[in-house]
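Heads up: the sequence lines are chains P and Z, in that order. Here full-length UniProt numbering is used: position 186 in the first sequence is 186, and no number is missing along the way. Here full-length UniProt numbering is used: position 307 in the second sequence is 307, and no number is missing along the way.
Protein chains: 2
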Amino acid sequence: MFLLDIDLESKEPIYKQIVDQIITMIEEGTLTSGSKLPSTRELSLILKLSRNSCIHAYEELEAREYISIIKGKGAFVSNVQKHLNRGWNIAWKKQCSDYAKRAVELDIIKSEPVTKKGMISFKSIAPDEKLFDLEQVRRNFLNGIALEGEKLLNYGYAKGYRPLIEYLEIYLKDKGICLEGKDILITNGFTEAFDIILASITKPLDSIICENPTHNTAIKIIKLHELNIASVSMENGEINVEELEKALSSGNNKLVYLIPSYHNPMGTVMSASKRKEVYELCKKYNTPIVEDGFNEELLYSSSHVSSIAAVAGMDNGVIYLGSFSKVLFPGIRVGWIVADKGLIEVLESVKRSRNIHTSVLDQMLLYQFLKSGDFELYMKKTRKFYREKYEFSIECSKRYLPHSRIYGEGGLYIFIELVDIDSRVLLKRAMEKGVIFMPGDIFFVNEKGRNTFRLGFSRLSLKDIEKGFRIIGKCIEDIKANK
Amino acid sequence: MFLLDIDLESKEPIYKQIVDQIITMIEEGTLTSGSKLPSTRELSLILKLSRNSCIHAYEELEAREYISIIKGKGAFVSNVQKHLNRGWNIAWKKQCSDYAKRAVELDIIKSEPVTKKGMISFKSIAPDEKLFDLEQVRRNFLNGIALEGEKLLNYGYAKGYRPLIEYLEIYLKDKGICLEGKDILITNGFTEAFDIILASITKPLDSIICENPTHNTAIKIIKLHELNIASVSMENGEINVEELEKALSSGNNKLVYLIPSYHNPMGTVMSASKRKEVYELCKKYNTPIVEDGFNEELLYSSSHVSSIAAVAGMDNGVIYLGSFSKVLFPGIRVGWIVADKGLIEVLESVKRSRNIHTSVLDQMLLYQFLKSGDFELYMKKTRKFYREKYEFSIECSKRYLPHSRIYGEGGLYIFIELVDIDSRVLLKRAMEKGVIFMPGDIFFVNEKGRNTFRLGFSRLSLKDIEKGFRIIGKCIEDIKANK
């Protein structure tokens, strides 16, 4: 008897489901040492699956020493003794909470295609390491240690490293944000900031509004909190205000999540007038805004547009999330929340209950970079470096993807909307030619966006950018030709 | 009309509740600029509260510029214009989720008495900064940067910094832990480790077993997850096995949380035979163990006792949590989970969804300390340093607290059980004399432990240890004399 329970709807890859279930059977003793497994051909027929998934599964099982494949004879359960030696074996995956299962299912690192060696990858939007100046890192670290000494190594405060908070206060005031009655909490980057905010002001089945498409990590966190999403379309790269008002007026929404600057994935910037309009609408319907300012600094040419938090003035209806991860070092897990003082008091206790505080060394290093002026110089270099890649990417997209719609006004990526072509089909073909990118559907909260994708250019050379675009353009033509 | 809604049962101090509610009334415009507040005497009569709480509240309101107290005239609402300028004012504290409210309520940093300048503090169990060697920190940091360069500053892996994981594998094997079918996940210390484990394998109203008393942060996290607690008494500093079996057999418990080495707060070590017995019991009732090994390294004289994770061998029923925070640098937020490989895969996705990964620089620095041998040398120095304080504390406790029961076999603290004296009463009196400690009730899951307290000696000089014990002893005598 050989029964596997494969869920075709699950985000977990088929081959992985096969692997996990066979391992469980081996470890629980249902499949004993030396017993023969069905061939991959038989398995694919029994389960009505692609033979490739079965082959992939058996390869992994062999690599993990659960089975041995003997040429011409078949696949046999091996090493069972080793795994059966357990007098006490808990089937942990079965024990996991729904929350944990969702975290696995929504973990695109585990489900999306992986960049292979030698590929031109437009997937990443992490900074280019070539920009990092180790001498500056050394100097700023040693300065921090020299100034503050041993106490940097003992417990810090949940709220954050005080000199950094004080520096950010000045930095934010310079950006026009009024801090009267507000406060700052340091977090382990945007991800933690958004997670603890949702944990603190929502409960399951609450509804929240976001742009569609939007940052995929935000979608993941929203789904992990079991919230309902009222999504609002983007129109020419900006939120559709009529739709927003409809959403605001029709539901009891807990908050509106927005990325006004260098929107992820679209790379677009919401105009100053639209920001004001959106702000007034949210105020009218008493629905707070969570503003994601994650790469607001990556301005190339367009003039500065004030954050919605600045538009709010003294009002306390905006929660602003900041981070320098994308512009300085992602490895330094430091972000911050600017919000009403009373709310920050609560978030501080939540933060403390989850990990006591953010790494003091990371915070100290960031502070030293800011204070020494190295950050400002670095930003100038960074903007110049990425602007060249950005402009070249725009140029290439016009040349090689002539019938597509191109979005992006800065930042580290551009966003492409194809006419009538499935970007998953395109991705498959492009990967065969050595190019990988982020399919657009992962940024949409409903089944939309199948004809879109995001191209991150930050880590690619101009040569690879051009080559990559050329290959994608060729793949599109091939797909059209075969229709 | 002046109505406040004071909850006497809440863990939030009375004065804080008064402050928050008056601020809300001022900010919402219920109390307008210039209006007179009741006097503290009147307020204490209306609300049936101690006058002290009211005075404390008014002092804080004045410090925060919400009211001005004019001698001989009374307290008046001030600065209202500033706060009322808000066209949009959200009463955030009211908006918060029950989870967030619990996090505030359970945050002892906000509710327990604060150490004031000049006090002898037995409250802290953080390491003494005098032990930190900045030259070693500099050298190890620079070595790490020189070896790994720029990639340390870019995104890392949710699972952790690979060289550190590989080092820990060897380290754990040396301690007799079998890693067959198991894996390691790096976390932001114990707190995050325990939090994501509970989030991943429990749901609200599930039941878990723990020792009573136990680590107060663990209790907080358990309560935040809305779990029921089946507590098992400690008997001569070890868990009562009969009670444990009763708890295991009578409920459907998700896990047993244990601190076998240098138990917090008792400082006791579970014997090897008891560990075996406890392990077999949990196995019999198929209830996994979460073993907190947070300061297992702080062994002074007693011979090494293997962790329960080592007793388990190949079995996968133990989740082991490790950390060097208490023995190296707490500021470095690095801990780890050793568990079944399948479970670690799930926890990795949960970790990624919460903060992407732990600071790479922290992990790198810890790894360099381990690899260079500095950690081992440091541990020798540390043990010697704390052993002296430990032995002296035991000596002092026998001398100055002769009628008390003393627990503690190492680590950074000892635990005192008084005969028929309330440690909160003792604490109040001791604080008047300039000594502070951690009252024992915060470590108990029920109303027990009122006659106990924990004395952390790690950061005190021998002189202050003696002085502190003498003062506590004197306070006990005074209390007895006044009975």
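Each residue gets a CB set at the ideal place from its N, CA and C atoms; glycine is no exception. These figures come from a predicted structure and were not determined experimentally.
Residue nearest to S423 of chain P within the set P:E409, P:L412, P:G440 and P:M431 is P:G440 (criterion: CA-CA distance). Residue-level contact by beta carbon holds for L152 of chain P and chain Z, with a gap shorter than 7 Å.
Close partners of N253 of chain P in chain Z (Cβ separation under 7 Å) are lacking, with about 12 Å as the shortest Cβ gap.
By alpha-carbon distance to Y257 of chain Z, the top candidate from Z:G317, Z:S306, Z:T115 and Z:G313 is Z:G317.
Ranked by how close their Cα comes to the Cα of S207 of chain Z, the residues Z:V350, Z:T287 and Z:L227 have Z:L227 in first place. Around the beta carbon of T268 of chain P, 16 or more other beta carbons sit within 10 angstroms, so the residue counts as buried.
Assigned with DSSP and collapsed to three states, E291 of chain Z falls in strand.
Chain P has a Cβ within less than 7 Å of the Cβ of T191 of chain Z.
Chain-order list of chain Z residues neighbouring V360 of chain P: G331, by C-beta distance under 7 Å. Inclusion of K341 of chain P and K182 of chain P in the CB contact set at 7 Å is warranted, their separation being smaller than that value. Looking at the DSSP output, T452 of chain Z sits in a beta bridge with Z:E417. In the three-state DSSP reduction, K254 of chain P falls in the strand class (E or B). The residues E238, I239, L258, P260, S261, H263, V278 and V305, in chain order, have a CB closer than 8 Å to that of M270 of chain P in the same chain once the five nearest residues on each side in sequence are set aside.
Following the DSSP letters along the chain, one finds A193 of chain P inside the alpha helix (DSSP H) bounded by residues G189 to I201.
At a cut-off of 7 Å, the C-beta of I308 of chain Z has no neighbouring C-beta in chain P. By the neighbour-count criterion, in which a residue is buried when 16 or more other Cβ atoms sit within 10 angstroms of its Cβ, V290 of chain P is buried. In the DSSP assignment, W92 of chain P falls within the alpha helix (DSSP H) that extends over W92 to Q95. With respect to the 7 Å criterion, P163 of chain P and Y367 of chain P are classified as neighbours on the basis of their beta carbons. For D422 of chain Z, none of the residues of chain P pass the 7 Å Cβ criterion, the least Cβ distance being about 27 Å. At a C-beta separation below 7 Å, F132 of chain Z has these neighbours in chain P: E150 and L153.
Contacts with chain Z at 7 Å (Cβ-Cβ) do not include R139 of chain P. Interface flag for P204 of chain Z against chain P is unset, since no Cβ pair is found closer than 7 Å. Taking a contact to require three or more Cβ pairs closer than 8 Å, the stretch 163 to 180 of chain P and the stretch 354 to 367 of chain Z do not qualify as touching. Contact between G331 of chain P and L153 of chain Z is confirmed by a C-beta separation of about 4 Å, below the 8 Å threshold.
For N143 of chain Z, the three-state secondary structure derived from DSSP is helix.
For Y386 of chain P, the closest of P:E129, P:F437 and P:K48 by C-alpha to C-alpha distance is P:E129. Contact annotation for L142 of chain P against chain Z: R138 [CB-CB distance below 7 Å, chain order].
Our two residues, E148 of chain Z and V137 of chain P, have alpha carbons roughly 13 Å apart in a direct line.
Across the structure, P402 of chain P and R470 of chain P are spaced so that their CA atoms are roughly 11 Å apart. Contact of V346 of chain Z with chain P is assigned, a C-beta pair being separated by under 7 Å. Proximity of the stretch 426 to 446 of chain Z to the stretch 387 to 402 of chain Z falls short of the contact definition, fewer than three beta-carbon pairs being nearer than 8 Å. Close CB contacts of S78 of chain Z within its chain, under the 6 Å cut and outside five residues either way in sequence, are with I67 and S68 (chain order). I22 of chain Z carries a helical assignment under DSSP once its states are collapsed to helix, strand and coil. Contact of R354 of chain P with chain Z is assigned, a C-beta pair being separated by under 7 Å. Here F415 of chain Z is not near M234 of chain Z, since their CB atoms are 7 Å or more apart.
Judged by their CB atoms, V435 of chain Z and I108 of chain Z are not nearer to each other than the 7 Å cut-off.
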